[in-house]
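Using numbering that gives the first Met the number 0, the first residue of the sequence shown is number 0, and each one after it goes up by one.
Don't be surprised by glycine CBs; every beta carbon is placed ideally from N, CA and C.
Presented below is the structure to which this report refers.
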Amino acid sequence: MHSMRLLHFILIASLITTGTFSFGQMTPDAPVKNFRFPRFSEAGFVEWVLQGGEGIYDSDEQIRVNEMNLRVYSGDDRLVQELGLKSPQATIRLQENRAFSERSILIEGTNFTISGTGWKWNGVTKIVEVLDDATVSFDQVITNTLAGGTSRPAAEGSTRIQADSLLLRTTETEYEFVFIGDVKVASGDMTLESGRLVALAETPEGRDTKEVTATPSQIDGLRSFEANEKVVIRQLDRVARAESAIFDPKSGDVDLAGQPVIEASGAYISGHEIKSRSGELHIKGSKEMGRAQVILSQVGGLGILGSDSLSSETIVLADAIALKDSTAGNEFDFDGSVEVLSGPLKMNSDKLRIEAQRLESLQAGAAASNDLKVGSVDKVVAEGSVEIERDGQFASADRVIFHPSTERAELIGDPVVENGEARIEGHLMELQPKGARVDGSPEQPVVVTLPVMPDLGYNPMAENDALSKLASLGSEDAESDLEEIESVESDEVEVASETVIHSDELAMSENENGMFFRFSENVSIIGTNLEATCDLLEVTAERTEGSGINAMQVGKIDAIDNVRFVQSGRTATAKKAMVRPLEGKVVLEGDAEVVDDRGTVTGHRIILNRGQRQASVEGDGTNQQRAKITLPALPSKAP
0 MHSMRLLHFI
10 LIASLITTGT
20 FSFGQMTPDA
30 PVKNFRFPRF
40 SEAGFVEWVL
50 QGGEGIYDSD
60 EQIRVNEMNL
70 RVYSGDDRLV
80 QELGLKSPQA
90 TIRLQENRAF
100 SERSILIEGT
110 NFTISGTGWK
120 WNGVTKIVEV
130 LDDATVSFDQ
140 VITNTLAGGT
150 SRPAAEGSTR
160 IQADSLLLRT
170 TETEYEFVFI
180 GDVKVASGDM
190 TLESGRLVAL
200 AETPEGRDTK
210 EVTATPSQID
220 GLRSFEANEK
230 VVIRQLDRVA
240 RAESAIFDPK
250 SGDVDLAGQP
260 VIEASGAYIS
270 GHEIKSRSGE
280 LHIKGSKEMG
290 RAQVILSQVG
300 GLGILGSDSL
310 SSETIVLADA
320 IALKDSTAGN
330 EFDFDGSVEV
340 LSGPLKMNSD
350 KLRIEAQRLE
360 SLQAGAAASN
370 DLKVGSVDKV
380 VAEGSVEIER
390 DGQFASADRV
400 IFHPSTERAE
410 LIGDPVVENG
420 EARIEGHLME
430 LQPKGARVDG
440 SPEQPVVVTL
450 PVMPDLGYNP
460 MAENDALSKL
470 ASLGSEDAES
480 DLEEIESVES
490 DEVEVASETV
500 IHSDELAMSE
510 NENGMFFRFS
520 ENVSIIGTNL
530 EATCDLLEVT
540 AERTEGSGIN
550 AMQVGKIDAI
560 DNVRFVQSGR
570 TATAKKAMVR
580 PLEGKVVLEG
590 DAEVVDDRGT
600 VTGHRIILNR
610 GQRQASVEGD
620 GTNQQRAKIT
630 LPALPSKAP
């Protein structure tokens, strides 16, 4: 307490010097030159000190001052100089404790300066108004803001704010700057425009007795910025627009609200609110304002279900989006009911991550570490109930990984692809433009479901069976009765069913005419009146016209190595089997054999034609594979 009183005494003593006046001693005819005059609070602390090159007395209530220099103090035991005001001319209202002028003003603080034209100062409310062309410069740069990457230290430089007018209010804890009308901010690599801006700065702490001087006190720094009314922020290649933007200059955090958007080279971001936190952008949507959204351009094809599945513009919607930026590139994380719209491609998932490589032209530059510019997309990962649709084709999986540079995609976790009437399942799928590879596992073998095939049922012993039936009936008209038997047999044909193929591996390709499947390892096929196994199976499914989108029919089936067909109680084996459903023909080749309870047919090649009562059996021209039919033993005659 004694030291504070001593400090107070020393400050008063420093003010009582030559040229210090009581304005009651002035007269209109005798202007005072180079004067100094202090004002004290009721508690005896200095409120302000007025200096002037010339003082002109108008009345006991008003004087005019040329070359005014007004130092404003806290008026309490802190003894802090809050402001220094300089103007070529001012009018002082002594009783009202205020001053004003139409001339220019310069307001100084150690960490900021204010200039403008036309001003008002009120010592009671501690408010200064700059009426026109207000400019404030802070010895501080707003850090990071909308830039990605890790937070960087404050750069050297200043922050300059211009506006039509300014109101500065001083309290014990802060300076409040209110900029109104055509606000423009330049700070480091950032510029800002708005209709209104409020900036808060912390007031300096009190000084000890060793620091008692007449110089302005050090401001501790900007604490917050809040811009409103058509806010436009530009930083590096980014442009942000919103109705409200709140900055934390020390941390570099910024909150955008009021239909905020961020535009960058290759990316457009929007949502209900956008926040920058520790070098990351967080975007959230709402029911009222719409979902969080990112639009990416020139990101290449995803490689799912064919090439060019991503157009030049890709729209991604989600409940929340996070953008992480680094010197290597950008990472977009989407969460909550993610929707992707990209040309003919539509995708839904629970989560989505897009990893983009930074453009080479930016990697070498110092500014690249804080640039949102999107280069080529390296990887896209969709997780959780992934569903993809493109031109009537569908794919689903628990997880899908896209590699745009190579136009391929990996489907993991119960993957399924449906292309028209074809359905493909497996353990792991790798899709490429116009093709795919599918791997199975013991728990999840490759399963392909194809359209219904016609009944390929054929009894190579049909004629013998028919004659046997005729003999048992004792018919005299063998030919007409044979037709009747055939009619009955045709009524007994099994109901047509889908063609289902199992294997350990599958390679498939697609063209405008249809799809080609190549199955290998433990291959089995089940179709209408047909079961078969082999080592290798090739199936061609042809598109049909006038039967709906992507309608198909099985055109041909080629089974290779260890071929075994089971059909209506008969078994066929061969090294190779060529099935032509549309032609109703089956060709068995290489040690071909057809066996049923009525006999055996062997040869090098056996050709079975649906609807005919005969088979064509061929040998290979040697004694090794001669055509041969073995009938059951004839019943012995009764003794």
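Straight-line spacing of the CA atoms in PRO414 and THR543 works out to 26 angstroms. The segment 520-539 makes no contact with the segment 429-438; the number of CB pairs closer than 8 angstroms stays below 3. For ASP619, no beta strand (DSSP E) segment is defined, and its DSSP state is neither H nor E. Counting only runs that start and end inside the segment 113-190, the beta strand (DSSP E) elements of at least 3 residues fall at 126-137, 158-162, 164-169, 173-186. Using a 10 angstroms sphere on the CB of THR202, the tally of other CB atoms reaches 16 or more, which defines it as buried. At least 9 angstroms separates the beta-carbon of GLY289 from that of ALA317. Closest in alpha carbon position to ASN68, among ASP503, LEU84, PHE44, MET577, is LEU84. Between GLU242 and GLY122, the beta carbon gap of about 36 angstroms keeps them out of contact (Cβ cut-off 8 angstroms). Using a 10 angstroms sphere on the CB of LYS125, the tally of other CB atoms reaches 16 or more, which defines it as buried. For LEU430, the enclosing beta strand (DSSP E) stretches over residues 427-431. Looking at the DSSP output, MET288 shares a beta bridge with no other residue. For ASN528, there is no enclosing beta strand (DSSP E), as DSSP marks it with neither H nor E. Between the segment 337-354 and the segment 268-275, the count of C-beta pairs closer than 8 angstroms stays below three; the two stretches do not touch. Restricting attention to GLY220, ILE232, THR170, the CA atom closest to the CA of MET189 is found in ILE232. In the three-state reduction of the DSSP assignment, PRO450 falls in the coil class.
For ARG422, the closest alpha carbon among the candidates THR532, THR313, LEU344, ALA550 is that of ALA550. Under the DSSP assignment, PHE36 falls in the beta strand (DSSP E) whose first and last residues are 31-39. Taking 3 residues as the minimum length, the beta strand (DSSP E) runs contained wholly in the segment 61-116 are 61-72, 80-92, 97-108, in order along the chain. For HIS501, the uninterrupted beta strand (DSSP E) run begins and ends at 498-502, by DSSP.
With a beta-carbon spacing of about 6 angstroms, ASP252 and ARG276 fall inside the 8 angstroms limit used to define contacts.
Burial check for THR170: the Cβ neighbour count within 10 Å stays below 16, so the residue is exposed. Distance from the Cα of VAL197 is smallest, within the candidate group ILE606, ILE179, LEU191, for ILE179.
Within the same chain, and ignoring the five residues on either side of ILE411 in sequence, the residues whose Cβ sits closer than 7 angstroms to its Cβ are ALA396, ASP397, ARG398, LEU427. By the neighbour-count criterion, in which a residue is buried when 16 or more other Cβ atoms sit within 10 angstroms of its Cβ, GLU509 is buried.
DSSP, reduced to helix, strand and coil, places SER275 within a strand of the structure shown. For the set GLY156, ILE141, LEU166, the Cα lying nearest the Cα of LEU130 is the one of LEU166. For the options ALA291, GLY328, ALA256, GLU225, the alpha carbon positioned closest to that of GLY265 is the one of GLY328. With 16 or more other Cβ atoms inside 10 Å of its own Cβ, THR601 counts as buried. Among the bridge pairs identified by DSSP, THR539 is matched with PHE515, LYS555. Here ALA244 is near GLU225, since their CB atoms are less than 9 angstroms apart. Within the same chain, and ignoring the five residues on either side of TYR267 in sequence, the residues whose Cβ sits closer than 6 angstroms to its Cβ are ILE294. Per the coordinates, the alpha-carbon of GLU41 lies some 46 angstroms from the alpha-carbon of LEU255. The DSSP-derived three-state label of THR599 is strand.
Pairing ALA531 with ARG569 gives a Cβ-Cβ distance that is not under 9 angstroms.
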